[in-house]
Structures are given as C-alpha cells and as structure tokens.
Amino acid sequence: MSDKSKPVDTEPPLEKPPFFKSWAGMYWLVLGNLAFLIVLFYIITKFYE
Amino acid sequence: MRPLDWIVLLGTLGFIVIYGVWKTRGSQDIEGYLKGNNSMKWWTIGLSIMATQASAITFLSTPGQAYEDGMRFIQFYFGLPIAMVIISITVIPIFYRLNVFTAYEFLENRFDLKTRSLAALLFLVQRGLAAGITIYAPAIILSTMLGWSLTATNLIIGVLVIIYTVSGGTKAVSVTQTQQMAVMMGGMLVAGFMVVQYLPENVSFGDAVAVAGKMGKMNVVDFSFDWDDRYNFWSGMTGGLFLALSYFGTDQSQVARYLGGKSIAESRLGLLFNGLLKIPMQFMILFIGVMVFVFYQFNQPPVFFNEAARSKVYATPYAGEMRELETKYTAAFQEKQEAVHGLVAALKTENEAAIVIAENKVDALTTAAKAVREEVKGVISKATPKAETKDTDYVFISFVMKYLPAGLVGLLLAVIFSAAMSSSSSELNALASTTVVDIYRRSVKQHASPKHYLIASKLFTIGWGLIAVLFATYASLLDNLIQAVNIIGSIFYGTILGIFLVAFYFKYIRGNAVFWAAVLAELVVLYCHFYTDIAFLWFNVIGCACVILFGFILQPLLGREKV
Numbered sequence: 001m002s003d004k005s006k007p008v009d010t011e012p013p014l015e016k017p018p019f020f021k022s023w024a025g026m027y028w029l030v031l032g033n034l035a036f037l038i039v040l041f042y043i044i045t046k047f048y049e
Numbered sequence: 001m002r003p004l005d006w007i008v009l010l011g012t013l014g015f016i017v018i019y020g021v022w023k024t025r026g027s028q029d030i031e032g033y034l035k036g037n038n039s040m041k042w043w044t045i046g047l048s049i050m051a052t053q054a055s056a057i058t059f060l061s062t063p064g065q066a067y068e069d070g071m072r073f074i075q076f077y078f079g080l081p082i083a084m085v086i087i088s089i090t091v092i093p094i095f096y097r098l099n100v101f102t103a104y105e106f107l108e109n110r111f112d113l114k115t116r117s118l119a120a121l122l123f124l125v126q127r128g129l130a131a132g133i134t135i136y137a138p139a140i141i142l143s144t145m146l147g148w149s150l151t152a153t154n155l156i157i158g159v160l161v162i163i164y165t166v167s168g169g170t171k172a173v174s175v176t177q178t179q180q181m182a183v184m185m186g187g188m189l190v191a192g193f194m195v196v197q198y199l200p201e202n203v204s205f206g207d208a209v210a211v212a213g214k215m216g217k218m219n220v221v222d223f224s225f226d227w228d229d230r231y232n233f234w235s236g237m238t239g240g241l242f243l244a245l246s247y248f249g250t251d252q253s254q255v256a257r258y259l260g261g262k263s264i265a266e267s268r269l270g271l272l273f274n275g276l277l278k279i280p281m282q283f284m285i286l287f288i289g290v291m292v293f294v295f296y297q298f299n300q301p302p303v304f305f306n307e308a309a310r311s312k313v314y315a316t317p318y319a320g321e322m323r324e325l326e327t328k329y330t331a332a333f334q335e336k337q338e339a340v341h342g343l344v345a346a347l348k349t350e351n352e353a354a355i356v357i358a359e360n361k362v363d364a365l366t367t368a369a370k371a372v373r374e375e376v377k378g379v380i381s382k383a384t385p386k387a388e389t390k391d392t393d394y395v396f397i398s399f400v401m402k403y404l405p406a407g408l409v410g411l412l413l414a415v416i417f418s419a420a421m422s423s424s425s426s427e428l429n430a431l432a433s434t435t436v437v438d439i440y441r442r443s444v445k446q447h448a449s450p451k452h453y454l455i456a457s458k459l460f461t462i463g464w465g466l467i468a469v470l471f472a473t474y475a476s477l478l479d480n481l482i483q484a485v486n487i488i489g490s491i492f493y494g495t496i497l498g499i500f501l502v503a504f505y506f507k508y509i510r511g512n513a514v515f516w517a518a519v520l521a522e523l524v525v526l527y528c529h530f531y532t533d534i535a536f537l538w539f540n541v542i543g544c545a546c547v548i549l550f551g552f553i554l555q556p557l558l559g560r561e562k563v
C-alpha cells in the first residue's frame, strides 16, 4: 500500500440523512436545538434568579 | 471499598476489556487496524466521539465546578454544535475524497511533505504529553481518596487500555467506548437520582432547584460581555467554536473516530449526534454538581474536600489552628443550615419580602463559611507548602465515597475508570496512527508489507502506552503539571489549527508559504510564552492568526513552487 494519499475517483455516494430530505435539514436541526437550549437556559436563569 | 464495590468495579472493567478484545478478534490488516475497515455505524461514531472527549476529569471536576461556580460552565460548549455542522459540511467530504488515514495526510496532498510532517510532529508532542495526564489526573485523585498506590492506579488504567487498544485498534476503541458511555451515563444518572433522594423530607426537588437558584447556582446563561469573564455566552460562542473546530477537525484522536465511518453520511451523523447531545450531557453533569451543592446545605460538608491533604496538617504544628478552624466551620455551617431551612420555608410561602430577607441571611452566612474555608486553605498551604489548595476536583468523589451505598460506589468508580480508559485509548490509537502513517511509513520505511505496518502500529501503540504510564507515574515530580501541559497544548494547537484553516479556506497560500508561516507563528507563540505575560489561552488565537497572516505575506515571496 502506497503512503501517498490516493485520491479516490468518485466520492462515496451520499446517503440521505434520516427524517430529512437533505443534509440542510439535519444541520438546521442541530442549530435549532442549540437555539432552543440557549432560550431554555435563559428562561431557567431568569426564573431561578 | 466494600466487597460488592470491588465486584461491580472489576466486573464492569473486565467485561469491557474482554468484550473489546473478543469483538475485534481475528486477523486484521492495517486498514482494519487504523480505520476499522470503515465499518462503524453513526451511533457508534457519535458515542465514540463523546467518550473520547469525556475524560475522567470531566466526571470528577465538572460537578465540583458546578458546586463552586454554578451552571455557567455550560456556555463553554455553545460553539460546539456550530463546529459540528461546519466540519460536517467542509472537512468530512475532503477527508473521504482523499481516503486519508490521518488528518495530516491531507496536508501533504494540499501542501507538501514537510508541512504534513511538521503538523504531525506538533500533534505527537502535544498529545503524547496529554496522554500521560489523561491517566495521571484521575489516578492522583483516586489514589488520594482511596489510599491506593499512585503507581498501581496508573498501571491499572494504562495496562487495561493497552490490552484492548493493541489487540483491536480503532474498532476496539470505538466498540468499547459505546459500553463505556453506557456505564458513564448510567452511573451519573444513578448518582443524580441518589443525591435528590438524600435531600431532607421537607425539601422537594423543586425546592432544591429554587434554593440553588437563590444561592446563585442556576446561572446558566450570561449575555453580558466581559473580557475577564471566562464563561459567558460570547466567549462560549467564539472561543468555544474555535476550540471545537481545532479539536474535532485537526486532532487525530477525534478525526480517527469519524474516519472509521461506513460512509460520509455515517460520519456526519456521528458528529451531528455529538452536536445534539453534548450540551444536554454536560448540563446533566453540572446539574448533579448543583444538587450535591444543595445536599451539602443540609448535611455538613468537610471543611476541605481533599481529606488526605487536611489530615496531613494534623501531623504538623498547625494542628491546633486547624482544629479551631474546623470548630468555627461547624458553627458557621449550623447557622447557615438553619438559614437555608428558613429560605425553603420562605419559598413555600411565596412571600417576596420574606424570601429576600431569608436570601440575604443565607448569603451573609455563606460568605462567612467561605471565609473559614479560605483560612483553612491558608493553614494547609502553610503546613504543607506543596499541597494543592484547590479542592473542587474532590467534591464529587468525596460525596460518592461517603454517602453512596455499597455497589454504587463501585459503579461510580467504574464511571471514572471508564472515562479515563475511553479517552486514553483514543489518544494511544491516534498517536500510533500518526507515528506509523505520517512519520514511519512516509519518511522511514516506505515499501514494507501491510503486515509489517500492522505490527509496527501495534508496537507503537504499546510504546506510546508505556510512555503515557511512565509519564503519569513520574508526573508528580513536576510542579503544577496539569497547567504546564495545558500551556504546552496551547503553544502548539493554534499553529496546527492555522495550518488546517489555510488548507481548507485559503487556496491562495501554498506549501512553502504555509510551512514557513507555521514556523514563524510558532516562534511568535514561543516569544509570547517566554517574554510576555499574555494568558496562555490566547496562544491558540495568536498562533492561528499568525499562520494565516504570515501565509499571506510569504506567498508572493515564496510562491513559485509547483502546485
């Protein structure tokens, strides 16, 4: 096996993410979850202040 | 430690090691050993990524951090989900397209051999030292609390990790990490449940959270901007993002986790899984720390959580002073305990005026109790000048040892050992991969058989494991070692991140320019370290910014090489 990085001719075919039609949906899920958690934490902080 | 604890501890650790060896048994080639034959499912990758990041110190220190400083440490992780998305979009497709074993292989494809070797060497120095600390940090705490020999504790962690990491390589690391994550999460959930159960009968879970809030521990988010404040929303979103980008995008101990995926989709999902669950996981660990804090408002905590360090004072002429302070602390605690009960009663009446009066009283008494603790730390440091006076790392383990029933102590110790083993195994695996792929196979012995490289990988894993154990054993000879290693990490991390950022986003800059830019950036960072007072965390930013800046300056001067 050669050590030189061997570029593969074709990228492995992208499988679709679960529940979403495209990866953008998954990314928005992660970012939306972050936004939701920040809002939730802000409410917790204010509520128990 | 009671017999049941030993059975649970040894049974759990034994099962994980045997499972790891059995599951990955049989002949392997170098592809299987270093990349797990690209057979990993997304959930294995996700758990493996989380287990690699969660070291024993996460489970020992984080609850103590919450005990001392509340929930605000969670903000440190706010940049992580964004980093997971960026890496999923940009980094993973490139690594897959080039079919690389290590992150540094990509640098040769993008730049040249010398840049690849430089980044690999910087990683080996930094991670090689960190691997020793990953073993040493929990070992020193466990040996202090349990009275075990430090060398024996180091050896137990080191040898168990070496056995399955050498045997099964990357796949063994990943499959054992799923078991380890189950133990870690299960153990922490049980500990959280138990601490709530131990609250006084008249204090409900809601009361406990309300008391924590009134005592300033539910400070989860802070939007105010302050350069001097280490944990706020803004530092989490910027510093946390940069740190997560460099750690998950350029550190081979993490890159190896998602390079073993069945496909790009599996790798992406594994990273995004981490982006979804990391913050809730840290929230849970911090919240357990807050509940331990509330528990200790109704049960007297030790005046200093590192009991061994406290006991040593009694063998010195400062024993009388210490005894006096302990009596003073008990009196201060009893007064405070009464005030906290008063606060609970006031909260139940929902009378704002009564709540404010009770809250002020608790605040004043907390300050008084803290002052006694500070005096105790002063006495400890006078009596035993080398003793560490920060005891937050001992808060959680002290609670576990003193209050949890037989069996659960063993389970919680298994959590800590599992965490130490999960991060160590990833580190050893990454160190061996980088040594073989980026140094040995590339620059020392280029045309040997696959079997030769497989054996070399195993030998390098053993070698790095032994170095880590040896370093952990003698670590106590150096003063303030953890900080020293953090400084060394920061000295190199910025430069490595800078090289990768140039590789991904600044196509204009080529090999010669980035190599010399990295060398100059490293010299600037070393100058800052030796001749300025700049805090070491800034070295990450300085190193990274200098590589990019120097790269742009040097490219027109050195940019005649062939692409």
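Residue numbers (the working numbering), protein chains in the order written: chain A, 1 to 49; chain B, 1 to 563. Note that CB positions come from ideal geometry on N, CA and C, so glycine has one too.
* **M40(B) - partner residues in DSSP beta bridges** => G261(B)
* If you drop the 5 nearest sequence neighbours on each side, which residues of the same chain put their C-beta closer than 7 Å to that of W148(B)? -> L142
* To do: Go through its chain and collect everything with a Cβ distance to I7(B)'s Cβ below 6 Å, but skip five positions before and after it.
  => none
* Return the residues of the region 269-299 of chain B that lie within a Cβ-Cβ distance of less than 7 Å from chain A, sorted by chain order. => L269, L272, G275, L276, I279
* **Neighbourhood of L428(B) by C-beta distance below 6 Å, restricted to the same chain and skipping five residues each side** => T165, T461, W464, G465
* To do: For V183(B), I'd like the list of residues in its chain whose CB is within less than 7 Å of its CB, leaving aside the five on either flank, ordered along the chain.
  => T12, A414, V415, S418
* **Residues that G192(B) contacts on chain A, provided the C-beta gap is smaller than 8 Å** => Under the 8 Å cutoff, chain A gives no residues; its nearest Cβ is about 17 Å from G192(B).
* Asked: Mind pulling the chain A residues with CB within less than 7 Å of M40(B)?
  -> Chain A residues near M40(B): none, gap ~14 Å exceeds 7 Å.
* Chain-ordered chain B contacts of F36(A) [CB-CB under 9 Å] -> The premise fails here: F36(A) is roughly 10 Å from chain B at the closest Cβ pair, so nothing lies under 9 Å.
* If we cut at 8 Å on Cβ distances, does F41(A) have a partner in chain B? -> yes
* chain A beta carbons: is any one of them nearer than 8 Å to that of M84(B)? -> yes
* Would DSSP call K6(A) helix, strand or coil? -> Note that K6(A) scores a pLDDT of 42, beneath 50, so its modelled location is shaky; the value from the coordinates is reported in the next line. K6(A): coil per DSSP, three-state reduction.
* Does the distance from the CB of V161(B) to the CB of S425(B) come in under 8 Å? -> yes
* Asked: Nearest to V91(B) by alpha carbon, out of Y19(B), S267(B), A387(B), I16(B)?
  -> S267(B)
* For F283(B), collect the residues of the same chain with a Cβ closer than 7 Å to its Cβ; drop the 5 residues on either side in sequence, then sort them by chain order. => I74
* **Through-space distance from F492(B) to S311(B), alpha-carbon basis** => 40 Å
* chain A contact for N232(B) (CB, 8 Å cutoff) -> no
* Asked: When the Cβ atoms of the region 389-408 of chain B are set against those of the region 99-114 of chain B, are three or more pairs found closer than 8 Å?
  -> no
* **Backbone secondary structure at L549(B) - three-state DSSP** => helix
* DSSP-derived helix/strand/coil call for L199(B) -> coil
* Length-filtered (4 minimum) alpha helix (DSSP H) runs lying within the region 304-339 of chain B -> 307-313
* Inter-residue Cα distance where the pair is A475(B) and I467(B) -> 12 Å
* Asked: Given a threshold of 16 other Cβ atoms within 10 Å of its Cβ, counted over all protein chains shown, does V340(B) qualify as buried or as exposed?
  -> buried
* Is DSSP giving V100(B) helix, strand or coil here? -> coil
* Hey, I82(B) and L241(B) are a contact pair by Cβ (cut 8 Å); roughly how many whole angstroms apart? -> 5 Å
* Cβ neighbour criterion (16 or more within 10 Å) applied to D9(A) -> Its pLDDT being 40, under 50, D9(A) is placed unreliably in this model, and the value from its coordinates should be taken loosely. Flag for D9(A) reads exposed.
* So what's R25(B) in DSSP terms, helix, strand or just coil? -> coil
* Any beta-carbon of chain A closer than 8 Å to the one on N219(B)? -> yes
* List the residues of chain A whose Cβ lies closer than 7 Å to the Cβ of V209(B), in chain order. => Y48
* Asked: How many Å lie between P7(A) and F95(B) at the Cα?
  -> Low per-residue confidence applies at P7(A): pLDDT is 45, beneath 50, and the placement is therefore not dependable enough to give any value.
* To do: Sort V376(B), E201(B), I488(B) by Cα distance to Y314(B) and report the nearest one.
  => V376(B)
* Of all Cβ atoms in chain A, is any one closer than 8 Å to the Cβ of I553(B)? -> no
* Identify whether R116(B) lies in helix, strand or coil by the three-state DSSP scheme. => helix
* Of the residues Y198(B), V372(B), R72(B), Y440(B), the one placed nearest Y615(B), counting alpha carbons only -> Missing from the structure shown is residue 615(B); chain B here goes from 1 to 563 and no further.
* Asked: Does DSSP put A387(B) in a helix, in a strand, or in coil?
  -> coil
* Asked: Are any of the Cβ atoms in chain A nearer than 8 Å to that of T62(B)?
  -> no
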